[in-house]
Amino acid sequence: MVHVFGDSQSGVYEGMPNVVVHRTNGVTMYRMGRDEASLVRQLERRLGHRSALMFVFGGVDTRLHIGRVAEAAGRPFAEVIDQLVDSFLRAIEIARRGRRILVVGVLPPAANDAISAELTCWGTQDQRIAIVRSLNDRLARRCADFGFAFINHYDLYCDERGGQQPGLTTDGVHLKREVRQPAIAAVSSVLQAMVDDV
0 MVHVFGDSQS GVYEGMPNVV VHRTNGVTMY RMGRDEASLV RQLERRLGHR
50 SALMFVFGGV DTRLHIGRVA EAAGRPFAEV IDQLVDSFLR AIEIARRGRR
100 ILVVGVLPPA ANDAISAELT CWGTQDQRIA IVRSLNDRLA RRCADFGFAF
150 INHYDLYCDE RGGQQPGLTT DGVHLKREVR QPAIAAVSSV LQAMVDDV
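Mapping of the sequence shown onto numbering that gives the first Met the number 0: position 127 corresponds to residue 126, and the numbering continues sequentially without gaps.
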């Protein structure tokens, strides 16, 4: 069984066989690190020690929080990202208890005028492209250090500039149902490799 924890982006994986999605809307990568993955520990008795845990966070962090925090504190994006990723992955390690871990990267950001007015964003699309790329790169490197599988969907959905291909989402953030299959296939492939490796 695979237990998926994530923000609204985790809805991509609803309906996959042997997958249970625990949507944690309002919980960010930052909060996961700050609270040391308390939401995972709350469900521990129901997860099973042979389960895999998959984490789908970072959309709100890259769309809003990282840029805002870096700007307000006068700190480089890379410094904020490094601290964020390290605290996030350390929190997952605390909750791991021997289980297999998958971490999903962040999708490319949409153009500002494609994002719904209800979904606040910071900066320009180019600034957010740089933030998402940097975050995904840091996640990939640090997941390798922790022994976690990292799944990067970025190239599946980006255009030649590194932004989100137009027409993929309902609101500039959430993938339409009909374009989710590449992301699902990528996760399925990693899960199958884990099973084959046991």
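Quick reminder that beta carbons are idealized off the backbone N, C-alpha and C, glycines included.
By a beta-carbon distance limit of 8 Å, L83 contacts D60. Their separation comes to about 7 Å. Contact between the stretch 65-75 and the stretch 1-18 is absent, with fewer than three C-beta pairs closer than 8 Å. Residue pairing by DSSP places M53 opposite V3 and L101 in a beta bridge. C-alpha of A184 to C-alpha of G104: approximately 15 Å in a straight line. Remark: C-beta atoms of L38 and T27 do not approach each other more closely than 8 Å.
Checking the DSSP bridge columns, you'll see I150 partnered with V103.
Rounded to the nearest angstrom, the Cβ distance from F54 to G5 is 6 Å, consistent with a contact under 8 Å.
For C120, the three-state secondary structure derived from DSSP is coil. Secondary structure note for V84: its alpha helix (DSSP H) is the uninterrupted segment F76 to R95.
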